[in-house]
Structure formats: C-alpha cells, structure tokens
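Reviewing the structure listed below.
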Amino acid sequence: IANGVDHLKERRITSGIREAVPRWLQNMMWFMADSMDVSEKNFCQIFCLSEEDKMQKIEHSQKYPPYHKTIVLPSDGLTINTKIIILESE
Numbered sequence: 002i003a004n005g006v007d008h009l010k011e012r013r014i015t016s017g018i019r020e021a022v023p024r025w026l027q028n029m030m031w032f033m034a035d036s037m038d039v040s041e042k043n044f045c046q047i048f049c050l051s052e053e054d055k056m057q058k059i060e061h062s063q064k065y066p067p068y069h070k071t072i073v074l075p076s077d078g079l080t081i082n083t084k085i086i087i088l089e090s091e
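So the sequence shown is numbered by the numbering used here: it starts at 2 and just counts up by one.
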C-alpha cells in the first residue's frame, strides 16, 4: 500500500479512549505506530498528546530501541492533553 502500511490489523481500545479521543486522532496514532521506520519495533508504543500554538501535538516514542517522532496538526479548536500507551501483540 502506498502509505507504507502493508496490512490492516484488528484494533482494540478502551471505552475511555473511544469516548475522549477523536477518531481522526486515534487513526493518526495507529498510522504512526504502523509506519515507523525502525529496525525493531517494541510492543509498547507511547503517545504524549498536548497543545502547541492551538494545534494538536503528538509525540510518539518507544524506549527500546530508542525512537522518537513529533508531529503537530490542526485540531479544529479541540486539543487532547494526555498520555496513551499502545500495547501490541504479534
């Protein structure tokens, strides 16, 4: 697939995330986790969401091997400030 994601995975989220985090932001985090350019992907992906200049900031990281990427996106006036951890199994 052109976006770098080779297959779709089943996704499970908590009801709290489903209610508090807009779908577009959930999808962006899944995309960022799926399209990482790393030699080894850790099962634990960390997302810190915050506001930067009235825009949505997403800081994505994993501890080992070290990885960090930050993006800032338009937010329609609503920004989410929280930490989300995605645990993936093989």
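Glycine is no exception: its CB is placed at the ideal position from the N, C-alpha and C atoms.
Selected residue, minimal CA-CA separation from residue i, among the options
{"i": "P66", "options": "M37, E11, I85", "result": "M37"}
{"i": "I18", "options": "F48, D35, V39, K42", "result": "F48"}
Anticipated Cβ contact below 8 angstroms, residue i with residue j, distance rounded
{"i": "Q46", "j": "Q63", "result": "6 angstroms"}
{"i": "M30", "j": "I59", "result": "7 angstroms"}
{"i": "K70", "j": "M33", "result": "7 angstroms"}
{"i": "S16", "j": "F44", "result": "Actually they do not touch by this definition, with Cβ atoms about 22 angstroms apart."}
Counted within 10 angstroms of its Cβ, other Cβ atoms place residue i as buried (16 or more) or exposed
{"i": "H61", "result": "buried"}
{"i": "I86", "result": "exposed"}
{"i": "L26", "result": "buried"}
N-terminal and C-terminal residue of the alpha helix (DSSP H) that residue i is part of
{"i": "E89", "result": "It is not in any alpha helix (DSSP H) - E89 carries neither H nor E in the DSSP assignment."}
Own chain, CB closer than 7 angstroms to residue i, minus 5 neighbours either side, in chain order
{"i": "N82", "result": "L50, S51, E52"}
{"i": "L88", "result": "F44, C45"}
{"i": "Y68", "result": "M37, V39, S62"}
Range of the contiguous beta strand (DSSP E) that encloses residue i
{"i": "M56", "result": "56-63"}
Sequence-distant residues of the same chain with beta carbon closer than 8 angstroms to residue i, five excluded per side
{"i": "A21", "result": "I81, T83"}
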